[in-house]
Amino acid sequence: MKLFTNARIPDGKETKLVNILFDQKIIKISVNEIREKNADTIDLEGKLLIPGCIDAHVHFNDPGYTHHEDFLTGTTAAAYGGITTVIDMPCTSLPPVTNVENLQAKLNVIDKKALTDFALWGGIRKEDVPLKEKQVLQLWERGVVGFKIYTISGMKEFSALSYEEIQNVFRKFPKILFGFHAEDKTIIQKALKSGIDFSKPENNVKERPVKAELKAVQKIIFSMQENNPVHFVHISCKESAQQILKNKKRFDITFETCPHFLQFTSKDMAI
Numbered sequence: 002m003k004l005f006t007n008a009r010i011p012d013g014k015e016t017k018l019v020n021i022l023f024d025q026k027i028i029k030i031s032v033n034e035i036r037e038k039n040a041d042t043i044d045l046e047g048k049l050l051i052p053g054c055i056d057a058h059v060h061f062n063d064p065g066y067t068h069h070e071d072f073l074t075g076t077t078a079a080a081y082g083g084i085t086t087v088i089d090m091p092c093t094s095l096p097p098v099t100n101v102e103n104l105q106a107k108l109n110v111i112d113k114k115a116l117t118d119f120a121l122w123g124g125i126r127k128e129d130v131p132l133k134e135k136q137v138l139q140l141w142e143r144g145v146v147g148f149k150i151y152t153i154s155g156m157k158e159f160s161a162l163s164y165e166e167i168q169n170v171f172r173k174f175p176k177i178l179f180g181f182h183a184e185d186k187t188i189i190q191k192a193l194k195s196g197i198d199f200s201k202p203e204n205n206v207k208e209r210p211v212k213a214e215l216k217a218v219q220k221i222i223f224s225m226q227e228n229n230p231v232h233f234v235h236i237s238c239k240e241s242a243q244q245i246l247k248n249k250k251r252f253d254i255t256f257e258t259c260p261h262f263l264q265f266t267s268k269d270m271a272i
């Protein structure tokens with residue numbers, strides 16, 4: 002049990018000094034003195050104390066690609082930034098989290114490294130088609146938060162599904178959450194053959210144009226059944242966001258974006 006004294010917390014538009022007693026969960030918050038003999042007391046000396054954040058989309062690449070990042074360095078950086086829970090993607094680890102055996106192999110590695118709470122996405126790849134229902138349901142029962150699917154992928158261990166395969170997934174698993182990397186493969190492949198110099202960062206928007214994301218979002222929504230929960234990751238344009246919001250009354254559908262999509266344009270990328 003711990004006792005924080007002189008903690009400054011938000012109070013409407015202002016802040017106030019309080020004392021907080023907790024043991025895994027908060028037991029008491031009071032502006033008055035809290036007396037608890039068995040508590041370790043930590044004086045915060047008026048520092049601001051706010052709830053930890055959740056980062057629902059991280060790639061900590063562990064195991065298999067730890068030359069990029071691992072759970073120790075990733076969760077250390079998260080904790081320094083005030084993030085106390087991360088949700089790791091299934092695709093950038095070896096083996097990818099596509100069955101319970103692979104899930105356990107990952108847990109055996111990251112349990113010893115994680116400095117924050119974490120949850121894990123499962124995944125469904127082209128390699129898993131035709132779908133083994135038992136494989137998906139076992140992962141879901143073990144507690145993955147959902148299943149990541151790509152409509153285009155650059156990873157040889159985690160290939161994308163076609164729109165027809167996605168529609169089949171929706172039909173087979175009506176109540177399971179699916180998260181989508183949504184960009185139309187045909188539009189992007191056509192752009193790559195255009196002769197544009199994509200080594201220039203400002204040309205990235207021509208390689209991955211708005212219409213590619215929008216088309217994929219539309220096709221996925223069109224394929225949904227009424228009881229399919231869906232989450233779109235890193236939505237980058239207003240048109241896609243509007244399409245998702247337009248369908249929220251009909252479907253259980255959400256999306257996330259990234260800070261750089263809100264802050265910068267392609268003009269900022271020019272060297």
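Note that the sequence shown ends on residue 272 in this note's numbering; no numbers are left out.
Every residue gets a Cβ at the ideal spot worked out from N, C-alpha and C, and that includes glycine.
Query                                                                                                            : Result
Spatial neighbours of ALA79 in its chain, beta-carbon cut-off 7 Å, leaving aside the 5 residues before and after : ASP56, VAL87, THR117
Contact check, ALA120 vs THR152, beta carbons under 7 Å                                                          : no
Contact belief for LEU22 with ILE43 at Cβ below 8 Å, rounded distance in angstroms                               : At roughly 11 Å, the Cβ-Cβ gap does not stay under 8 Å, so LEU22 and ILE43 are not in contact.
Collapsed DSSP secondary structure at HIS261 in the structure displayed                                          : helix
Integer-rounded CB distance, given that ALA192 should sit under 8 Å from LYS207                                  : 6 Å
Residue environment, GLN244, which counts as buried when at least 16 other CB atoms sit within 10 Å              : buried
Pair within 7 Å by beta-carbon distance, THR85 and GLY53                                                         : yes
Supposed contact pair ASN100 and LEU138 - C-beta distance, whole angstroms, cut 8 Å                              : Actually they are not in contact, since the Cβ atoms of LEU138 and ASN100 sit about 11 Å apart, beyond 8 Å.
Three-state class that DSSP yields for PHE61 in the structure shown                                              : coil
Through-space distance from THR258 to PHE265, alpha-carbon basis                                                 : 13 Å
Helix, strand or coil at ILE221 according to DSSP, with G and I counted as helix                                 : helix
Continuous beta strand (DSSP E) stretch holding LYS26: start and end                                             : 26-31
Touch test, the segment 122-132 against the segment 165-173, Cβ-Cβ under 8 Å, three pairs minimum                : yes
Contact check, LEU104 vs VAL110, beta carbons under 7 Å                                                          : no
Proximity of PHE262 and SER237 at Cβ, strictly below 7 Å                                                         : yes
CA-to-CA distance, PHE179 to SER160, given in whole angstroms                                                    : 16 Å
Among VAL59, ASN20, LYS247, ASN7, the one whose alpha carbon lies nearest that of VAL234                         : VAL59
Pairwise C-alpha distance: ILE254 and ALA32                                                                      : Here the sequence assigns Val to residue 32, which means Ala is not the residue at that position. So the alpha carbons of these two residues sit roughly 41 Å apart.
Within 7 Å, strictly: CB atoms of GLU214 and SER241                                                              : yes
For LYS3, the nearest candidate out of LYS26, ASP198, ASP12, GLU15 (CA to CA)                                    : LYS26
Endpoints, alpha helix (DSSP H) assigned at ASN169                                                               : 164-173
Buried versus exposed, by CB contacts within 10 Å (16 or more), PRO11                                            : exposed
Three-way DSSP call (helix, strand, coil) for GLU102 in this model                                               : helix
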